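So that you can map any letter, position 15 of the sequence shown is 15 in our numbering, and since no number is skipped, the others follow by simple counting. Backbone N, C-alpha and C fix where the C-beta goes; we use that ideal spot for every residue, glycine too. This structure is a prediction, so every number in the text was calculated from the model and none was measured.
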Amino acid sequence: MNGSKIRWLLPDDEYIENQVSNIVEFLPLLQMVNAVSYKALSYKVAHIELILDDEMYISVVLEGAAK
Numbered sequence: 001m002n003g004s005k006i007r008w009l010l011p012d013d014e015y016i017e018n019q020v021s022n023i024v025e026f027l028p029l030l031q032m033v034n035a036v037s038y039k040a041l042s043y044k045v046a047h048i049e050l051i052l053d054d055e056m057y058i059s060v061v062l063e064g065a066a067k
């Protein structure tokens with residue numbers, strides 16, 4: 001695996017996975033923004049969690065469209 005896996009949990013129980021090459025640079029950027037956009041919809045970041053299952057990854061839980 002190249003980089004760190006991020007799983008974005010959408011409010012409708014779907015999720016998106018992608019990789020970031022440098023998690024140390026990525027997390028401060030995520031904490032600096034009020035919302036993230038996906039398919040022209042903006043979502044508020046509810047919380048960020050480190051998952052320690054079989055495969056370690058960062059889970060970003062998104063809540064309803066941001067205003």
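- Pairing Glu17 with Ile6 gives a Cβ-Cβ distance under 8 Å.
- Secondary-structure assignment with DSSP links Val61 through a beta bridge to Leu9 and His47.
- Excluding residues up to 5 positions away in sequence, Ser42, Tyr43, Lys44, Val45 and Ala66 lie with their Cβ nearer than 8 Å to the Cβ of Ala35 in the same chain.
- For Val24, the enclosing alpha helix (DSSP H) has its first and last residue at Ile23 to Met32.
- According to DSSP, Ala40 shares a beta bridge with no other residue.
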